[in-house]
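Just so you know, the protein sequences line up as chains A and B, in that order. Quick note: the first sequence uses the working numbering, first residue 64, plus one each step. Quick note: the second sequence uses the working numbering, first residue 64, plus one each step. Don't be surprised by glycine CBs; every beta carbon is placed ideally from N, CA and C. I have placed the structure first, in the form of structure tokens, so that the comments after it can refer back to it.
2 protein chains.
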Amino acid sequence: MSAQNIAPELQQPLFEYLLRLGDDRLILGHRLSEWCGHGPILEEDIALANLALDCIGQASVLLKEAGTVEGQGRSEDDLAYFRDAIDFRNLLLVELPKGDFGFTIVRQFLFSTFSYFFLEKLQQSAHKPLAGIAAKTFKENLYHLRHSRKWLVVLGDGTEESHQRVQNALDELWGYTEEMFYMDQVDEALMNAGIAVDLQPLKEQWLSMVREALQEATLELPDPDVYQHQGGRTGFHTEHLGHLLAEMQILPRSYPDARW
Amino acid sequence: MSAQNIAPELQQPLFEYLLRLGDDRLILGHRLSEWCGHGPILEEDIALANLALDCIGQASVLLKEAGTVEGQGRSEDDLAYFRDAIDFRNLLLVELPKGDFGFTIVRQFLFSTFSYFFLEKLQQSAHKPLAGIAAKTFKENLYHLRHSRKWLVVLGDGTEESHQRVQNALDELWGYTEEMFYMDQVDEALMNAGIAVDLQPLKEQWLSMVREALQEATLELPDPDVYQHQGGRTGFHTEHLGHLLAEMQILPRSYPDARW
């Protein structure tokens, strides 16, 4: 479906929606890619790099579709490399520094569990290109979920040190989970047209799957009243995103006209 | 084939030989992985990460086999993470810093062209596990060769700046190519047993394929009398390998007993 087939009043919300989904995966993929060559074991190095590749690949198609919907000739590379932090729409959760291996695993598990329920619904989106992307992404995400859940249990139910590290990561990350369910007029406009997913009902499902995994991993559910950070969906980011973008964008920005 | 099936006098040379092949790919893979999240375009980010994954995967099976042949219970992770620079056997070519995109492409092209002819022969190795690894690696390498050759031509026959950068990279890297054909008593002992490949006849084939690609890329063949560095095969490395290993090994060395 090209931009022409979209009702004019939905064009801007859909562009925003695609940026949100694409940026989540671009930034998370970048954080995962920081493990390249730094995994705890060779096998895990390969696994984390595969996760990073999946995320960046997903971001690439989502941002490409965003460019199409916007209809101003911006490519996925333009969107990835030539926007500033304030124009990024990713969750704060995914921009936090990669931390230790346990932190990376807990973040991945929390996000992949959310994505599991989200992508399941998104496959019914009335915007066909988005439904198609969701179907492909759902399969990749299933692997991410299984992989991170497995490690969550191994580390949580592992040594005293690995247990404590993962519990700390979980407590720290918990304050960034509520934002996954953030909705505003962008979602509302698109939900009315059958394009976006209602995130409200996903929360209980998410919590229930998380609770089950934490139990198996002998981890404690964090304080439900912890302060919940948000802002990413509307462009208010932590300082970490700026540093990440500086690193990610330096090459294309230094040679904007290079014929790669 | 386990260590028991190898003639005792061949055990040490074969261990060395496997280290040479495994270390080339481990270190090159690490250099490629430094591009993760830093490619000039999203598509190339993914491609370079895939190359890195292939190389690290190849290293993993080669070092695992090295551990088996050595027969002292060392795993591929022990060999990757708990050896010092002096015990690494990789070519100096692959340890040089990643440089700019053109440098990375030229190095990959030079190495993949060599590997093309080398792996073709290695598939006939009398050491069956090695022949099997060679067959799988040959296919992956074919993709690396095509990918890097394509970029070599695009950049060489591209803008004035991209042409000059690639020519400079080629001139700098040329002094590290002779080492690819280095042979000593390790190779001799194994060649007599039909296990190792005679590198001598490969040189003309390699040069001929390189010459052809340079011509298409409008690049000049470097001065054939340039000083040729070597030492990597016997543990004499540039300072760059030490820095790379420090980064690669810090995590496993900091938590040697972690149950990952």
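Would you kindly report the start and end of the unbroken alpha helix (DSSP H) that includes Thr240 of chain B?
As a first step, residue 240 of chain B must be located in the second sequence, where it is residue number 177. Unbroken run through Thr240 of chain B: none, as it is neither H nor E.
I want to see whether chain B comes within less than 8 Å of Ser65 of chain A, judged by CB atoms only; does it?
Looking up residue 65 of chain A in the first sequence gives position 2. Only weak support exists for where Ser65 of chain A lies, its pLDDT of 48 falling under 50; the value from the coordinates is given anyway. Judged by the 8 Å Cβ criterion, Ser65 of chain A is not in contact with chain B.
Just verifying my parser: in three-state terms, what is the DSSP assignment at Asn113 of chain A?
Taking the first sequence and counting its residues from 1, the one referred to as residue 113 of chain A is at position 50. Helix at Asn113 of chain A.
Determine the direct distance from the alpha carbon of Gln312 of chain A to that of Val260 of chain A, and round the result to whole angstroms.
Locating residue 260 of chain A in the first sequence gives position 197, where the first residue counts as 1. Locating residue 312 of chain A in the first sequence gives position 249, where the first residue counts as 1. Approximately 31 Å, taken between the alpha carbons.
8 Å is my cut-off, CB to CB: does Asp108 of chain B come that close to chain A?
Mapped onto the second sequence, residue 108 of chain B falls at position 45. It does; some Cβ of chain A falls within 8 Å.
In its own chain, which residues sit with a C-beta less than 7 Å from the C-beta of Trp269 of chain B, not counting the 5 before and 5 after it?
Along the second sequence, read from residue 1 onward, the residue named residue 269 of chain B stands at position 206. Taken in chain order, the residues that qualify are Thr176, Phe177, Phe180.
Please go through the same chain and pick out, in chain order, the residues whose beta-carbon is closer than 6 Å to the beta-carbon of Met272 of chain B, but skip the five residues on each side of it.
Here residue 272 of chain B corresponds to residue number 209 of the second sequence, with the count starting at 1. Thr176.
Interface residues of the stretch 135-160 of chain B facing chain A [CB-CB below 7 Å]:
Glu139, Asp140, Ala143
Mind listing, in chain order, the continuous alpha helix (DSSP H) runs of no fewer than 4 residues lying wholly within the stretch 183-246 of chain B?
191-219, 223-237
Reference Leu77 of chain A, options A:Val132, A:Ser123, A:Glu107, closest by Cα:
Stepping through the first sequence from its first residue, residue 77 of chain A is reached at position 14. With distances taken between Cα atoms, Leu77 of chain A lies closest to A:Val132.
Coarse secondary structure for Gln330 of chain B, derived from DSSP in three states
As shown, chain B starts at 64 and ends at 323. That puts residue 330 of chain B outside it, with no answer to give.
Please confirm whether Ser211 of chain A has its beta-carbon closer than 8 Å to some beta-carbon of chain E.
The structure shown contains no chain E; its protein chains are A and B.
DSSP-derived helix/strand/coil call for Leu307 of chain A:
Indexing the first sequence from 1 puts residue 307 of chain A at position 244. In this structure, Leu307 of chain A counts as helix in the three-state DSSP scheme.
Any beta carbon from chain B within less than 8 Å of Met311 of chain A's own beta carbon?
The residue you call residue 311 of chain A lines up with position 248 of the first sequence. Closer than 8 Å: yes.
Start and end of the alpha helix (DSSP H) containing Ile90 of chain A?
Here residue 90 of chain A corresponds to residue number 27 of the first sequence, with the count starting at 1. Here the alpha helix (DSSP H) through Ile90 of chain A covers 71-96.
Interface residues of chain B around Asn113 of chain A at Cβ under 8 Å?
Numbered from 1 along the first sequence, position 50 holds the residue referred to as residue 113 of chain A. The contacting residues are Leu116.
Within a Cβ cutoff of 8 Å, which residues of the same chain sit near Leu73 of chain B, ignoring the five residues on either side of it in sequence?
Start at 1 with the first residue of the second sequence, and residue 73 of chain B comes out as number 10. Closer than 8 Å at Cβ, skipping near neighbours: Ala252, Leu253, Ala256, Ile258.
Which chain B residues are close to Asp97 of chain A, counting only those with a beta carbon under 9 Å from its beta carbon?
Position 34 of the first sequence, counted from the start, is the residue given in the question as residue 97 of chain A. According to the sequence displayed, residue 97 of chain A carries Glu and not Asp. Those within 9 Å of Glu97 of chain A in chain B are Cys99, Gly100.
Considering only the alpha carbon of each residue, which of A:Trp214, A:Ala129, A:Phe145, A:Ala280 lies closest to Glu79 of chain A?
As a working mapping, residue 79 of chain A is identified with position 16 in the first sequence. When each option's Cα is compared against that of Glu79 of chain A, the closest is A:Ala129.
Asp141 of chain B: first and last residue of the uninterrupted alpha helix (DSSP H) it sits in
Indexing the second sequence from 1 puts residue 141 of chain B at position 78. Residues 139-144.
Anything in the stretch 178-203 of chain A with a Cβ closer than 9 Å to a Cβ of chain B? List those residues in chain order, please.
none
For Gly120 of chain B, which residues of its own chain have a beta-carbon under 6 Å away from its beta-carbon, when the five flanking residues on both sides are left out?
In the second sequence, residue 120 of chain B corresponds to position 57, counting from 1. Excluding residues within five positions, none has a Cβ falling inside 6 Å.
Length of the line joining the Cα atoms of Ser246 of chain A and Leu262 of chain A:
Looking up residue 246 of chain A in the first sequence gives position 183. Looking up residue 262 of chain A in the first sequence gives position 199. The identity of residue 246 of chain A in the sequence shown is Met, whereas the question assumes Ser. C-alpha separation (whole angstroms): 7 Å.
Using the rule of at least 16 other Cβ atoms within 10 Å of the residue's Cβ for burial, across every protein chain shown, is Glu158 of chain A buried or exposed?
Against the first sequence, residue 158 of chain A aligns to sequence position 95. Flag for Glu158 of chain A reads buried.
Count the other C-beta atoms from every protein chain shown that fall within 10 angstroms of the C-beta of Asp286 of chain B, then say buried if there are 16 or more, exposed otherwise.
To locate residue 286 of chain B, count along the second sequence from 1; it is residue 223. By the neighbour-count rule (16 or more Cβ atoms within 10 Å), Asp286 of chain B is not buried but exposed.
Cα-Cα separation between Gln75 of chain A and Gly298 of chain A, rounded to whole angstroms:
For the purposes of this step, residue 75 of chain A is taken as the residue at position 12 of the first sequence. For the purposes of this step, residue 298 of chain A is taken as the residue at position 235 of the first sequence. Answer to the nearest angstrom: the Cα atoms are 15 Å apart.
What's the C-alpha gap between Met64 of chain B and Pro264 of chain B?
For this step, residue 64 of chain B is matched to residue 1 along the second sequence. For this step, residue 264 of chain B is matched to residue 201 along the second sequence. Because the pLDDT of Met64 of chain B is 42, which lies under 50, any placement of that residue in the model is unreliable, and the number read from its coordinates should be weighed accordingly. For Met64 of chain B and Pro264 of chain B, the distance between alpha carbons rounds to 28 Å.
Chain A residues whose Cβ lies nearer than 7 Å to that of His93 of chain B
Taking the first residue of the second sequence as 1, we reach residue 93 of chain B at position 30. Within 7 Å Cβ-Cβ: Gly100.
Report the neighbours of Gly120 of chain B on chain A: residues whose CB is nearer than 7 Å to its CB, in chain order.
Looking up residue 120 of chain B in the second sequence gives position 57. Under the 7 Å cutoff, chain A gives Ile109.
Alpha-carbon spacing of Ala66 of chain B relative to Gly134 of chain B, whole angstroms
Start at 1 with the first residue of the second sequence, and residue 66 of chain B comes out as number 3. Start at 1 with the first residue of the second sequence, and residue 134 of chain B comes out as number 71. Because the pLDDT of Ala66 of chain B is 48, which lies under 50, any placement of that residue in the model is unreliable, and the number read from its coordinates should be weighed accordingly. Their backbone Cα atoms lie some 6 Å apart in a straight line.
Which term fits His306 of chain A, buried or exposed, when burial requires 16 or more other beta carbons within 10 angstroms of its beta carbon?
For the purposes of this step, residue 306 of chain A is identified with residue 243 of the first sequence, where counting begins at 1. Label assigned to His306 of chain A: exposed.
Smallest Cα separation from Leu162 of chain B: which of B:Lys199, B:Gly102, B:Leu125, B:Asp147?
By 1-based counting over the second sequence, the position of residue 162 of chain B is 99. The question names Leu, but residue 162 of chain B in the sequence shown is Gly. Of the listed residues, the one whose Cα sits closest to Gly162 of chain B is B:Gly102.
Selected residue, minimal CA-CA separation from Ser188 of chain B, among B:Val217, B:Asp250, B:Ile104, B:Leu205:
As a working note, residue 188 of chain B is residue 125 in the second sequence. The shortest Cα separation from Ser188 of chain B among B:Val217, B:Asp250, B:Ile104, B:Leu205 belongs to B:Asp250.
Which same chain residues end up closer than 7 Å to Arg137 of chain A when comparing Cβ atoms and leaving out the 5 residues on each side of it in sequence?
Here residue 137 of chain A refers to the residue found at position 74 when the first sequence is read from its first residue. Taken in chain order, the residues that qualify are Gly130.
Helix, strand or coil for Tyr179 of chain A per DSSP?
Here the question's residue 179 of chain A lines up with position 116 in the first sequence. Here Tyr179 of chain A sits in helix by DSSP.
So, helix, strand or coil for Asn153 of chain A, using DSSP?
Stepping through the first sequence from its first residue, residue 153 of chain A is reached at position 90. Here Asn153 of chain A sits in coil by DSSP.
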